[in-house]
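Note sheet for the following structure.
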Amino acid sequence: MLGTLYGIGVGPGDPELLTLKAVKIIKQVAHVFAAASSKNDYSLALDIVREHLPKDTPVDHLDFPMTFNSERLESAWQANCEKVVGILRQGKDVAFLTLGDPMTFSTFIYLMRKIRKQLPDVTVSTVPGITSFQAAAACANVPLAEGEEAFTIISGAKGGDRLKEVVSFSDNVVLMKAYKRFPHILDQIRQTGLQDSCCFVSRCGQEGQIVESDFQKLQAFEQPHYLSLMIIKKRGLES
Numbered sequence: 021m022l023g024t025l026y027g028i029g030v031g032p033g034d035p036e037l038l039t040l041k042a043v044k045i046i047k048q049v050a051h052v053f054a055a056a057s058s059k060n061d062y063s064l065a066l067d068i069v070r071e072h073l074p075k076d077t078p079v080d081h082l083d084f085p086m087t088f089n090s091e092r093l094e095s096a097w098q099a100n101c102e103k104v105v106g107i108l109r110q111g112k113d114v115a116f117l118t119l120g121d122p123m124t125f126s127t128f129i130y131l132m133r134k135i136r137k138q139l140p141d142v143t144v145s146t147v148p149g150i151t152s153f154q155a156a157a158a159c160a161n162v163p164l165a166e167g168e169e170a171f172t173i174i175s176g177a178k179g180g181d182r183l184k185e186v187v188s189f190s191d192n193v194v195l196m197k198a199y200k201r202f203p204h205i206l207d208q209i210r211q212t213g214l215q216d217s218c219c220f221v222s223r224c225g226q227e228g229q230i231v232e233s234d235f236q237k238l239q240a241f242e243q244p245h246y247l248s249l250m251i252i253k254k255r256g257l258e259s
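Quick note on numbering: my numbering labels position 180 of the sequence shown as 200, and the sequence is numbered without any gaps.
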């Protein structure tokens, strides 16, 4: 019999935003996996749940390279998949921890697909988590949507090229992963004339948290922390 694969969203960083269901499953599974950069073995997701993790539960880090190189990514996904599949084939339940929500810009999505290809009969149970943009909006007291408004979530990992397209039809935009090409993102915001309509949030709910809506000050942040995003409201932050 195969074990169950749990994808657990641990929230944006504040351990108090971990759900009760996530805590219950973390205490029950036989093995825990957490994503980490291939450059180090640190996992924020693991830190968030550490106080709820039984001392005798085995924990493994899965290394994921921070790259767009398809060959390196494929190799990493396959190696990580094999590690998890090996535990599931022993009939043990496994939890994979992911920041935010498992179905929103998450490494769990790709891992789940790989595992399902190898183990078509495996049971997958996904535990939703509070997303970074929900926490950021609450932290900054900036509504994401109200009334008949629509909001769109895009990735800024490759810059802000999609911003012009999205603001043409969406009232509000959340631009996640606003760290790697931050100057380019700011340039795109400037070109759309929305300098006074954006709020930058970094390390939400953690030490070193930044909430800034002064566009001039943002230009001093050449490369913000990895956990950074922008909320852009076409009608203005106060609307």
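Idealized CB from N, CA, C, for every residue including glycine.
Mind checking who residue i pairs with in its DSSP beta bridge?
{"i": "lysine 300", "result": "The question about residue 300 has no answer here: the residues shown for the chain are numbered 21 through 259."}
{"i": "phenylalanine 220", "result": "Glu232, Met250"}
{"i": "phenylalanine 116", "result": "Gly27, Phe53"}
{"i": "serine 175", "result": "Met196"}
Ordered along the chain, which non-local residues of its own chain (more than five positions away) have a Cβ less than 7 Å from that of residue i?
{"i": "valine 142", "result": "Leu22, Leu25, Leu108, Ile135, Arg136"}
{"i": "phenylalanine 241", "result": "Phe202"}
{"i": "alanine 65", "result": "Val30, Ala54, Ala55, Leu117, Thr118, Leu119"}
{"i": "isoleucine 45", "result": "Tyr26, Ile28, Ala115, Val147"}
{"i": "arginine 255", "result": "Asp191"}
Contact criterion: CB-CB distance below 7 Å. Does residue i meet it with respect to chain D?
{"i": "serine 175", "result": "The structure shown has no chain D; it contains just one protein chain."}
Only counting the same chain, and skipping five residues up and downstream in sequence, which positions put a Cβ closer than 8 Å to that of residue i?
{"i": "isoleucine 209", "result": "Gly180, Leu183, Gln215, Cys218, Phe235, Met250, Ile252"}
{"i": "serine 63", "result": "Ala54, Ala55, Ala56, His81, Leu117"}
{"i": "valine 114", "result": "Gly23, Thr24, Leu25, Tyr26, Val49, Ala50, His51, Val52, Phe53, Val104, Ile107, Leu108"}
{"i": "arginine 223", "result": "Gly33, Gln229, Ile230, His245, Leu247, Ser248"}
{"i": "alanine 155", "result": "Gly31, Pro32, Gly33, Asp34, Leu37, Cys224, Gly225"}
{"i": "alanine 160", "result": "Cys219, Val221, Val231, Ser233, Ile251"}
{"i": "phenylalanine 153", "result": "Leu164, Ile173, Val194, Met196, Leu249, Ile251"}
{"i": "threonine 212", "result": "Leu183, Lys184, Val187"}
{"i": "isoleucine 129", "result": "Pro122, Met123"}
Within its chain, find whatever has a CB closer than 6 Å to the CB of residue i; leave out the 5 residues flanking it on each side and keep chain order.
{"i": "glycine 176", "result": "Leu195, Lys197, Ala198, Ile205"}
{"i": "aspartate 34", "result": "Gly225"}
{"i": "glycine 138", "result": "For the record, residue 138 in the displayed sequence is glutamine; it is not glycine. Counting only Cβ-Cβ distances below 6 Å, and skipping sequence neighbours, we find Val105."}
{"i": "valine 43", "result": "His72"}
{"i": "serine 126", "result": "Thr118"}
{"i": "leucine 37", "result": "Gly31, Ile150"}
{"i": "alanine 170", "result": "Ser190, Asp191"}
{"i": "glutamate 227", "result": "none"}
Start and end of the alpha helix (DSSP H) containing residue i?
{"i": "phenylalanine 202", "result": "202–212"}
{"i": "lysine 184", "result": "183–187"}
May I ask you to check if the CB of residue i is nearer than 6 Å to at least one heavy atom of the ligand ATP?
{"i": "phenylalanine 241", "result": "No copy of the ligand ATP occurs in the structure displayed, which carries no ligand at all."}
Starting from the N-terminal side, write out each stretch of the alpha helix (DSSP H) that is 4 residues or longer and does not extend beyond the segment 77–110. 90–108
In chain order, what are the residue ranges of uninterrupted alpha helix (DSSP H) at least 4 long that sit wholly in the segment 25–67? 40–48
What are the start and end residues of each continuous alpha helix (DSSP H) run of 4 or more residues lying completely inside the segment 136–172, in chain order? Assignment of alpha helix (DSSP H) within the segment 136–172, counting only whole runs of 4 or more residues, yields 152–160 in chain order.
Would you check if the segment 177–192 and the segment 112–123 touch, i.e. whether three or more CB-CB distances between them fall below 8 Å? no
Is the segment 88–100 touching the segment 142–158 in the sense that three or more CB pairs, one from each, lie closer than 8 Å? no
Any chance the segment 75–94 sits against the segment 34–53, with 3 or more Cβ pairs inside 8 Å? yes
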